[in-house]
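Participant:
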Amino acid sequence: MTSPPEKSLEKSLIKIKDFNNKLFKNEEKTFMYKNKLELYFKGKEINFEDIYLDLLIGTEFQKKVWNICRKIKFGEVKSYKWISEMIESKPYAYRAVGNALRLNPVPIFVPCHRVIGTNGKLCGYNSLQGISVKKKLINLEKYYKDSLINE
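Quick note: to get the numbering used here, add 239 to the position in the sequence shown (first position is 1).
This is the structure:
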């Protein structure tokens with residue numbers, strides 16, 4: 240339902256293979272992550288912020304953006320402007336925030352789908368299926384929070 244920040248499935252698989260060469264297997268954590276994802280897609284309010292992410296890629300700015308994004312709670316949305324204002328040295332870096340989220344290597348765990356335009360409209364979601372995935376994820380969460388977003 241989501242995809243890494245690559246334009247094609249082939250490029251995504253190459254990137255995943257490269258990551259696998261750098262990772263070790265931890266079946267207990269894998270099982271926990273799998274269970275959390277399954278519960279999330281069933282509409283349960285799951286907090287992924289407690290999952291440790293050892294992000295092997297990204298600039299310091301991108302990692303700041305991703306970590307701030309992880310603080311956005313289930314069922315909530317924040318703007319690109321809000322994230323940029325949370326970064327002391329970059330209060331007007333809305334576009335840079337958008338670019339960092341475009342390169343998010345772990346959608347759902349870093350819930351970039353919860354970031355919208357300051358006008359309340361959906362914009363900027365990097366998925367092979369397009370912005371419709373962002374809308375589905377927000378509406379999945381909003382359904383359980385009993386509110387809708389602007390289209």
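Glycine residues also receive a C-beta, built at the ideal position from the N, C-alpha and C atoms.
As the structure is a prediction and not an experimental result, all values here were calculated from the model.
1) Run through DSSP, which three-state label would S323 get?
2) Just to confirm, are F313 and I347 a CB contact at a threshold of 8 angstroms?
3) Just verifying my parser: in three-state terms, what is the DSSP assignment at I347?
4) Looking at G363: is its Cβ nearer than 8 angstroms to the Cβ of S318?
5) Taking buried to mean at least 16 other C-beta atoms within 10 Å of its own C-beta, is Q368 buried or exposed?
6) What separation, rounded to the nearest whole angstrom, lies between the Cα atoms of S323 and K310?
7) In this structure, how does DSSP classify V354 when only helix, strand and coil are distinguished?
Facilitator: Let's see:
1) In the sequence shown, counting from the first residue as 1, residue 323 sits at position 84. S323: helix per DSSP, three-state reduction.
2) To locate residue 313, count along the sequence shown from 1; it is residue 74. To locate residue 347, count along the sequence shown from 1; it is residue 108. The answer is no: Cβ separation not under 8 angstroms.
3) As a first step, residue 347 must be located in the sequence shown, where it is residue number 108. The three-state reading of DSSP puts I347 in coil, since its state is none of H, G, I, E or B.
4) Numbered from 1 along the sequence shown, position 124 holds the residue referred to as residue 363. Numbered from 1 along the sequence shown, position 79 holds the residue referred to as residue 318. Pairing G363 with S318 gives a Cβ-Cβ distance that is not under 8 angstroms.
5) Counted from its first residue, the sequence shown places residue 368 at position 129. A residue is called buried once 16 or more other Cβ atoms fall within 10 Å of its Cβ, and Q368, having fewer, is exposed.
6) Here residue 323 refers to the residue found at position 84 when the sequence shown is read from its first residue. Here residue 310 refers to the residue found at position 71 when the sequence shown is read from its first residue. Linking S323 to K310 through their CA atoms gives a straight-line distance of about 14 angstroms.
7) Counting from one through the sequence shown, the residue named residue 354 turns up at place 115. Annotated three-state conformation of V354 is strand, per DSSP.
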